[in-house]
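See structure below.
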Amino acid sequence: MSRVTYFPRYTTAENVVTNTTLHLFSQINQHSTDTFRAVLSELLGDVEMPLGINFQQQTRSTTSVPDGSIYQEPVHIILETKVNAGVNVDQLTRHCESFDKRRKGNFLVLLTKETVDDKILDPIRKKARGIGIAFLNVTFEKLCNVLKDVAKEHETHLLSVIEDYVAYCNDMNLLPDRRKWLRIVPCGDTFKLNEKWNLYYQPTERGYSAHEYLGIYHGKAVRLIGKIAAIYDNKTDSKGKMQLQLVSDSGRDRHEFQERIKGMVEDSLKHIGWEVKTDYRFFCVEQFQPTEFQKSTPGGIQGPRFWDISEYLVNNQSDADLAKLLNSKVWG
């Protein structure tokens, strides 16, 4: 089967993940070829991406059967996905023979959960370099980070597709354990309310990786930070009354947290016209601490980011102390 399907037809984990990833690429390309070219340029480097890119999976060549292929003159990208199995050097070396060596813009991409040791990949790089092929090892985390800045706020369908793919990667354990990392979430209209009620909310179905620390991003910097104390989901009953339920293993249920959420729901409707009475998830902190953890790279962020703050974490550290340590530091 070479056509990319809307729903996986494969039984092995790598084929399912490859099919899902290629389907994501196909959706982005259908939405905008310029957007898809931007994604590939971020992943592969500054290359010219033509229109009419063709997606194929499990297409046999004379020497091997790569997991996925993205093909169009003058660019040919072969994708090999490794989820649980180790890297097969011989297989990847044989993939190098699948390219038309007269073509410029040949890329062999190894998609993995974690970056593979250079010593393992050196023979493949040597083979690829010798015949004019660029070989890259891309992690699912890097792919997700690139995707998060692709869609604009008004491109709601593309945003939902990307959010679902990031959630899929998280559900399939394709992303690293980031519980000790800071989750940075962009907040515009709600910033003052996040600060007032010491919480952040998002649609319940939106995915995320487990994390302990939450950073509220506004105006090119993380300006509030706190350690998550509890997470709640809300629903409305048959009478339209909001019901709150503590997410399993997310902290201790406290009346104070429930009252804060009710206040946030009322203020969101009153001040910004957002109805969040049902199907939202609320992340409560004891109290957000002010900081100015600046983004060093140009532009803002369209979606959540994770940032490793382990070097700033010490035992028995208060949120206020962490906020002071991050103040005037940079990320991005």
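Just so we're aligned, residue 156 is where the sequence shown starts under this note's numbering, counting upward by one. Beta carbons are placed, not taken as given, at the ideal position from N, Cα and C, and that holds for glycine. What you are looking at is a predicted structure, and each value in this text was computed from that prediction instead of being measured.
Taking all protein chains shown into account, do 16 or more other C-beta atoms lie within 10 angstroms of the C-beta of THR176, making it buried, or fewer, making it exposed?
buried
Three-way DSSP call (helix, strand, coil) for ASN389 in this model
strand
Below 6 Å CB to CB, which residues in the same chain sit around THR218 once its five sequence neighbours on both sides are set aside?
ARG249, GLU252
For GLN472, I'd like the list of residues in its chain whose CB is within less than 6 Å of its CB, leaving aside the five on either flank, ordered along the chain.
none
Less than 7 Å between C-beta atoms, sequence neighbours within five positions excluded: which residues of the same chain meet that for PHE290?
LEU263, ILE279, ARG280, ALA283
For GLU447, the three-state DSSP class (helix, strand or coil)
strand
Distance, LEU337 Cα to PHE437 Cα
17 Å
Pairwise C-alpha distance: LEU480 and GLY458
24 Å
Distance, PRO221 Cα to LEU234 Cα:
7 Å
Residue range of the alpha helix (DSSP H) that includes PHE180
168-186
When we look at the beta-carbon of GLN212 and count the other beta-carbons within 10 Å, is it buried (16 or more) or exposed?
buried
CB-CB length for VAL194 against VAL293, believed under 8 Å
About 11 Å separates the two Cβ atoms, so there is no contact after all.
Nearest to LYS375 by CA position, among ARG415, GLN185, PRO341, is which residue?
PRO341
Evaluate ARG407 with the Cβ neighbour count: other Cβ atoms within 10 Å of its Cβ, from every protein chain shown; 16 or more gives buried, anything less gives exposed.
exposed
Which residue comes first and which comes last in the beta strand (DSSP E) that contains CYS439?
435-440
According to DSSP, which residues form a beta bridge with VAL264?
LEU234, LEU291
Specify whether the stretch 364-380 and the stretch 326-335 touch according to this definition: at least 3 beta carbon pairs, one from each stretch, less than 8 Å apart.
yes
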